[in-house]
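As C-alpha cells, then:
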C-alpha cells in the first residue's frame, strides 16, 4: 500500500510539471529542391515532452554536419508571448518562416547560390535541464536546379597560327553543349566541373558565324561569336587602308603649322622703328644765323 501511494505521488508530480507522454522528436524531409537565384523553404517541425513551456527557447540551423557544423541561423524567444529574435543570419539571407512556440523551426533561404547546396540540420533548445535540447541527425539535403546560361564564348589563337572557339556554360543538371559552325568537321573537346561545362571547337578554318547552344531539362541558351581570318594576299590593301588616312592627317597638320609660322604678304615695320624726321628748333636756327665773331659784341641779330 505504501509503494502504491508513492507511485501516485510520482504521477501527480509529473502532471504538475505539465509533462505529456510524448517525447522529443524532429521531423524534416530528406531532400528539398530550390532554383538558383530564387528562394526556398526548409521545413522542420518538432515535438517535446512538455504540455506548456514558457521558458527561453532557441532555434538553430547549421550546415555540413550535426552538432558541430557551421551555424547559419539562430533566434531566441524569452517567453511564449515573445517572437523569436534573430541573433545569427549568415549574409542576412536566412529568415525564420515558422513559429518555434508552435513547434515549427522552418526557415527561408533567399537568393540561392551554388554554395547554398549543402546539408542542413535544425535544432531546438529549452533553457534549464541539459537534456532539453534536440537536433536532427540526418538533416535536409538542399539540391539546386538551374536553366542553362552561357558564361563565356571566345575565339583565340592556339599559338601555332591556328585558332579555336571556346564556350563555357552552367546549369543543373549540367547542360549539353553543341557548336554550330560553317564547317562541321572541326575537332572538339569537353571539360566538366560540377554544374559547369566547357567545349572547345579546334582548328577553325572557315570564316563566319559560330554558335554555341546549351541545353538541359530546364531550358536552353545560345551564344554567338564571329571569326574572320585576314589572308596574306590582302595584306597590302589592309596596310593602305590604315596608312593613307594617317598620311593625309599629317600633311594637313604640316600645312597648318607652316601658315602659322610663316605668314604671307609684305611685312610692315613697326612704327616705333621709323626714322625720326628733323624738327625745327628756335635754338638751332639761332645758332646757325647768329654765328658772329666774339670781337663784335654789339652786333644784333634780326
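In my numbering, the protein residues as written are 46 to 347.
Note that beta-carbon positions come from the ideal geometry of N, C-alpha and C, so glycine has one too.
Quick one: grab the DSSP three-state call for residue i.
i	result
residue 265	strand
residue 114	coil
residue 159	helix
residue 317	Because the pLDDT of residue 317 is 45, which lies under 50, any placement of that residue in the model is unreliable, and the number read from its coordinates should be weighed accordingly. Helix at residue 317.
residue 222	strand
residue 197	strand
residue 72	strand
residue 150	coil
residue 87	strand
residue 79	strand
Report the partner residues of residue i according to the DSSP bridge assignment.
i	result
residue 178	170
residue 253	272
residue 108	115, 165
residue 217	191
residue 388	Since the first residue shown for the chain is 46 and the last is 347, residue 388 is missing from the structure and cannot be characterised.
residue 234	245
residue 134	118
residue 100	DSSP output for residue 100 lists no bridge partner at all.
residue 141	152
residue 212	198, 244
residue 185	165
residue 207	DSSP lists no partner for residue 207.
residue 259	222, 266
How long is the line joining the alpha carbons of residue i and residue j, rounded to whole angstroms?
i	j	result
residue 183	residue 91	14 Å
residue 165	residue 152	11 Å
residue 162	residue 269	31 Å
residue 256	residue 224	6 Å
residue 144	residue 170	14 Å
residue 66	residue 94	Interpretation of residue 66 is limited by its pLDDT of 42, a score under 50 that renders its predicted location unreliable; the figure taken from the coordinates is listed afterwards. Whole-angstrom Cα-Cα distance: 7 Å.
residue 81	residue 264	13 Å
residue 246	residue 205	16 Å
residue 390	residue 274	No information on residue 390 is available, as it lies outside the stretch 46 to 347 that the chain covers here.
residue 96	residue 102	15 Å
residue 214	residue 229	21 Å
residue 129	residue 121	5 Å
residue 114	residue 126	30 Å
residue 293	residue 157	59 Å
residue 323	residue 302	Model confidence at residue 323 stands at a pLDDT of 49, short of 50, so the residue's coordinates are unreliable and nothing is read from them.
residue 237	residue 149	40 Å
residue 133	residue 116	8 Å
residue 180	residue 242	38 Å
residue 123	residue 135	22 Å
residue 63	residue 106	In this predicted model, residue 63 has a pLDDT of only 36, less than 50, meaning its place in the structure is not dependable; the value taken from the coordinates is given anyway. Going by the C-alpha atoms only, they are around 28 Å apart.
residue 78	residue 186	8 Å
residue 306	residue 297	15 Å
residue 251	residue 227	6 Å
residue 29	residue 216	The requested residue 29 is not part of the displayed model; the chain covers only 46 to 347.
residue 110	residue 146	25 Å
residue 89	residue 104	11 Å
Residue i and residue j look like a contact to me (Cβ under 8 Å); what is the Cβ gap, rounded to whole Å?
i	j	result
residue 260	residue 221	5 Å
residue 191	residue 200	Rounded, the Cβ-Cβ distance is 26 Å, inconsistent with contact.
residue 266	residue 198	About 11 Å separates the two Cβ atoms, so there is no contact after all.
residue 188	residue 76	6 Å
Going by the C-beta, is residue i closer than 7 Å to any heavy atom of the ligand ADP?
i	result
residue 215	By its list of ligands, the structure shown contains no ligand whatsoever, and the ligand ADP lies outside what it can speak to.
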